[in-house]
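Enquirer:
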Amino acid sequence: MGLGSFLKSKQFIFSLIGAFVIVAILIFGSLQFLSIYTRHGDEIPVPDLKKMKAEKAMDLVAENGFEIVIIDTVDFDPKFPPLTISSQDPKANDAVKQGRTIYVKINAKGYSSVRLPNLDGRTLRHSVAILESLGLVKGQTKYEPDFAKDVVLRIEQDGRILRAGDKVLKNSKIDFILGDGMLGYKPEPDSLGEMYEDTAPAIDSIF
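Residue numbers (the working numbering): 2 to 208.
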């Protein structure tokens, strides 16, 4: 078969079509590989995971090529729903590479309880500092007769007397019953009044 006849044959045409298909596949594959390779080092923004349940957050980060690790459950914060993410590292919208691990902390289910210390006989200022360090809140202050002023006689919650060792929830308001410092106090007599009382009989006798 001559060259002219071969170029016109079906075998040549099928071979030519096959070669074109193979070349097209190779070019398409190369372009896809280059696209993936060049994007591999690109940075993308971290999604905002706060106030999300852990399960939903895991699905979201997986879609964006991240991983998530829960590192702690923290004290309840009323600004966040219970059992949701309250903080994350890296922060939302930080630009990071795909595959980065995002570390999160979960808000507790509710306020934890604390045991009350003995505050009897302590000053109000000192007692408030102790309670605030435990996550409690200063409520109302009331005064009763006592020798000492602004010294704690007892503490209460909603009218119920609290004692050392009792448990209350964090963020609870604690009321203070304090001494007024007036018990046994005897006011000094008015010197002018005493003088008038002493001289009044003499003045009356003159007139």
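Cβ atoms here follow ideal geometry from the backbone N, Cα and C, with glycine treated the same way.
Within the stretch 100 to 177, note down every full alpha helix (DSSP H) run reaching 4 residues or more, in order along the chain.
Expert: Runs of the alpha helix (DSSP H) inside the stretch 100 to 177: 125 to 134.
Enquirer: According to DSSP, what are the bridge partners of E44?
Expert: Partner(s): K98.
Enquirer: Apart from the five residues just before and just after K174, which ones in its own chain have a Cβ nearer than 6 angstroms to its Cβ?
Expert: For K174, where only same-chain residues beyond five positions count, the Cβ hits under 6 angstroms are V138 and G140.
Enquirer: What does the alpha-carbon distance come out to for the pair R101 and Q89?
Expert: If I take the Cα positions, the gap works out to 13 angstroms.
Enquirer: Do you know offhand how far K106's Cα is from G180's?
Expert: Distance between the alpha carbons of K106 and G180: 44 angstroms.
Enquirer: Can you tell me whether DSSP reads L179 as helix, strand or coil?
Expert: Of the three classes helix, strand and coil, the one that applies to L179 here is strand, per DSSP.
Enquirer: Can you give the beta carbon distance from V169 to L117, rounded, assuming they're within the 8 angstroms contact cut?
Expert: That pair is a contact at about 6 angstroms.
Enquirer: Looking at the secondary structure, which residues open and close the alpha helix (DSSP H) in which D60 lies?
Expert: Segment A55 to E64, the alpha helix (DSSP H) holding D60.
Enquirer: Verify whether the separation of the beta carbon atoms of Y112 and F77 is less than 9 angstroms.
Expert: Yes; because the gap between Cβ atoms is below 9 angstroms, this pair is in contact.
Enquirer: Could you check the C-alpha separation between N119 and I162 for me, to the nearest Å?
Expert: Cα to Cα, N119 sits roughly 13 angstroms from I162.
Enquirer: Assuming T74 and A109 are in contact, meaning their beta carbons sit under 8 angstroms apart, how far apart are those beta carbons, in whole angstroms?
Expert: Indeed they touch by this definition, with Cβ atoms about 6 angstroms apart.
Enquirer: Under the DSSP definition of a beta bridge, which residues are partnered with I86?
Expert: Partner(s): I107.
Enquirer: Between the alpha carbons of I23 and A93, how many angstroms are there, rounded?
Expert: Distance between the alpha carbons of I23 and A93: 45 angstroms.
Enquirer: Measuring only from the beta carbon, is L120 closer than 8 angstroms to any heavy atom that is part of the ligand FAD?
Expert: Of ligands this structure carries none, so the ligand FAD is not represented either.
Enquirer: Could you spell out where the beta strand (DSSP E) holding D78 opens and where it closes?
Expert: Here D78 belongs to no beta strand (DSSP E), and DSSP marks it neither H nor E.
Enquirer: In or out: I14 buried (at least 16 other Cβ within 10 Å) or exposed?
Expert: Its Cβ having fewer than 16 others within 10 Å, I14 is exposed.
Enquirer: In whole angstroms, what separates the C-alpha of L184 from that of K150?
Expert: Rounded to whole angstroms, L184 to K150 spans 10 angstroms at the Cα level.
Enquirer: Measuring only the C-alpha atoms, how far is D95 from P83?
Expert: Taking the straight line joining both Cα atoms gives about 25 angstroms.
Enquirer: Please classify I156 as buried or exposed, where buried requires at least 16 neighbouring CB atoms within 10 angstroms.
Expert: I156 is buried by the Cβ-count criterion.
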